[in-house]
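Inspection log for the structure reproduced underneath, given as structure tokens.
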Amino acid sequence: MLKSFKITNFRGFKSFQIKDFSRLNLIAGKNNTGKTALLEALFLHAGSFNPSLAITINALRGIQKMAIQNDPAAEMPWNSLFYEFNPKSVIELDGQDENGRRILVTLSSEPISSAVVPVQGTASNLMNQNALVLKYIENKKKEERVTLKFTTKGLEYEPVFPLRVPAIFVSARSLGAHEEDAARFGQLTLRKEEEQLLGALQEIEPRLKSVTVVYEADSPTLHGDIGQPRLVPLLLMGEGMVRLAKIVLAISSSRNGIVFIDEIETGFHYSVMKSIWRGLSKIADTFNVQLFATTHSLECTRAAYTAFQNEPKFDLMVYRLDGKNSAVNAIAYDKESLGAALEADLEIR
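One point on numbering: in the working numbering, the residue at position 59 of the sequence shown is 61, and numbering is uninterrupted.
Set out below in structure tokens:
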């Protein structure tokens, strides 16, 4: 489980540090203070052997199209990752886990030399003379290097390593990828753990008796039995049902890993947030998953506090990002300080 994290030259963070992560971590703050960017930095760090995440996180923000030009001076799709769009700087993502293991991930935009041109990526089919170089350094000793480049065949990177830890990012911007949700539910069913999803969804729809995968027009989607003459697609039960299913399935598919949830309150009525927090905590504990989520909602934060305040272990930390004079700081709230802030009606969003 990650305990501390430091960011240098990523998105809007020139230099930023945060400590004392818990199993459940809620990130609050005003607009444009870096809440989503913090999740993205953590996601890149967790998936540090997969440089294509540098492109994926832009897609999660809705930036779907990329213009690649065969021009050394052309702007690359990953330039937006660098502080002030300056690809001459070096991004550093430095995390330490509960066992003291330190993982430093660096990203740099570098000219492609003959030393890093693969057999299948010869100079003739390179679309740009710059590559994104990702380095993974463990405890200042072991170092691995992965290079990402664009060729006429598309995005290529080498060598190919497995993900360091299972990690899934649940975006606030789309309820798509239903086939992916169906596949994850299939794996949950194979392990006879589908009750994990059913119990969570019943907090929103008490009539729900079962969940299953149904193919319509060759596309698999989740359906539920709510006592009607036929099964009903979750898509017709409201945004909250689809959103919660997506989150629960992400957790169940990330055993011993990390799940990132942007704007966790999206789609949920405030009255069910306390139950949802309890359910997600139980599922995260079952699958040994650490959660990081952002929120704009005071009701969401209050629900999280009340859900765990009487538990033997208060496994929640809340952080408020505060931007001043281009610097971003994190104000941490544990059980005592969070309870006091909520009672005094202080601004923690």
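Here a beta-carbon is modelled for each residue, glycine too, at the ideal position from N, C-alpha and C. From a predicted model like this one, the values you see are computed outputs, not experimental measurements.
Which of helix, strand or coil DSSP assigns to phenylalanine 270: In the three-state reduction of the DSSP assignment, phenylalanine 270 falls in the coil class, being assigned neither a helical nor a strand state.
Leucine 210 versus glutamate 218 - alpha carbon distance: If you take the alpha carbons of leucine 210 and glutamate 218, they lie about 21 Å apart.
Asparagine 34 burial status per 10 Å Cβ neighbour count (16 or more: buried): The C-beta of asparagine 34 has fewer than 16 other C-beta atoms within 10 Å across all chains shown, which makes the residue exposed.
Serine 17 versus threonine 154 - alpha carbon distance: Just so you know, the alpha carbons of serine 17 and threonine 154 end up roughly 36 Å apart.
Buried versus exposed call for proline 314 [16 or more other C-beta atoms within 10 Å across all chains shown]: By the 16-neighbour rule on beta-carbons within 10 angstroms, proline 314 is exposed.
Identity of the residue in Asn52, Gly64, Phe12 and Asp22 nearest leucine 41 by Cα: Comparing Cα positions, the closest option is Phe12.
Minimum C-alpha distance to leucine 237 - residue among Glu158, Leu344 and His180: Nearest in C-alpha terms to leucine 237, of all of Glu158, Leu344 and His180, is His180.
Chain-order list of residues whose beta-carbon lies under 6 Å from that of glutamate 196 (same chain, five-residue window excluded): Cβ neighbours of glutamate 196 beyond the five flanking positions: Leu190.
Chain-order list of residues whose beta-carbon lies under 6 Å from that of phenylalanine 7 (same chain, five-residue window excluded): Its chain contains Ile20 and Gly97 as the residues whose beta carbon lies nearer than 6 Å to that of phenylalanine 7, once the 5 sequence neighbours on both sides are disregarded; these appear in chain order.
Coarse secondary structure for glutamate 349, derived from DSSP in three states: Three-state result, glutamate 349: coil.
Whole alpha helix (DSSP H) elements within the segment 128–203, 4-residue minimum: With a minimum length of 4 residues, the unbroken runs of alpha helix (DSSP H) contained wholly in the segment 128–203 fall at 180–192 and 197–203.
Residue interval of the beta strand (DSSP E) (run including asparagine 27): DSSP places asparagine 27 inside the beta strand (DSSP E), whose first and last residues are 26–31.
Same chain only: Cβ atoms within 8 Å of aspartate 99, ignoring 5 sequence neighbours per side: Excluding the 5 residues flanking it on each side, aspartate 99 has same chain C-beta neighbours closer than 8 Å at Met3, Leu4, Lys5 and Ile105, in chain order.
Presumed contact (8 Å Cβ cut-off) between arginine 322 and glycine 102, rounded CB distance: Incorrect: roughly 27 Å between the Cβ atoms, too far for contact.
Phenylalanine 171 vs phenylalanine 45 beta-carbon contact at 7 Å: Cβ distance < 7 Å, so phenylalanine 171 and phenylalanine 45 count as in contact.
Methionine 319 - containing beta strand (DSSP E), residue span: Per DSSP, methionine 319 belongs to the beta strand (DSSP E) from 318–326.
Contacting residues, own chain, Cβ-Cβ under 7 Å from aspartate 336 (five flanking each side not counted): For aspartate 336, where only same-chain residues beyond five positions count, the Cβ hits under 7 Å are Met319.
Reduced DSSP secondary structure (H/G/I, E/B, other) of asparagine 331: Strand, per DSSP.
Beta-carbon proximity check, lysine 276 vs alanine 305, cutoff 7 Å: Yes, these two residues count as a Cβ contact at 7 Å.
Cβ neighbour criterion (16 or more within 10 Å) applied to tyrosine 272: That one is exposed.
Own chain partners of serine 91 with C-beta closer than 7 Å, once the 5 adjacent residues on each side are dropped: Listed in chain order, the non-local C-beta contacts of serine 91 below 7 Å within the same chain comprise Asn11, Phe84 and Tyr85, local neighbours out to five positions each way being set aside.
With 16 other Cβ atoms within 10 Å as the buried cut-off, status of serine 126: The predicted model places serine 126 with a pLDDT of 48, which falls under 50 and marks its position as unreliable; any figure quoted below should be read in that light. With fewer than 16 other Cβ atoms within 10 Å, it is exposed.
Contact check, leucine 192 vs proline 53, beta carbons under 7 Å: It is not a contact, given that the beta carbons lie outside the stated cut-off.
Bridge partner(s) assigned by DSSP for alanine 61: According to DSSP, alanine 61 bridges with nothing at all.
Sequence-distant residues of its chain with Cβ nearer than 7 Å to methionine 239 (five each side left out): Glu207 and Gly226, listed in sequence order.
DSSP bridge partner residues for lysine 8 (one or two, in chain order): Residue pairing of lysine 8 in beta bridges, as defined by DSSP: Gln19 and Asp96.
Euclidean distance between Cα positions of glutamine 292 and isoleucine 249: So the alpha carbons of these two residues sit roughly 13 Å apart.
Sequence-distant residues of the same chain with beta carbon closer than 6 Å to glutamate 146, five excluded per side: The answer, listed in chain order, is Tyr138.
Residue from Gly269, Lys37 and Leu203 with nearest C-alpha to leucine 282: The candidate whose alpha carbon is nearest that of leucine 282 is Leu203.
Simplified DSSP state of glycine 341, which is helix, strand or coil: If DSSP states are grouped into helix, strand and coil, glycine 341 belongs with the helices.
Every unbroken alpha helix (DSSP H) within the segment 230–266, with a cutoff of 4 residues, ordered by chain: List check, alpha helix (DSSP H) in window: 241–254.
Helix, strand or coil at proline 79 according to DSSP, with G and I counted as helix: Per DSSP, reduced to three states, the secondary structure at proline 79 is helical.
Alanine 295 (DSSP reduced to helix, strand or coil): Taken through DSSP and simplified to helix, strand or coil, alanine 295 comes out as strand.
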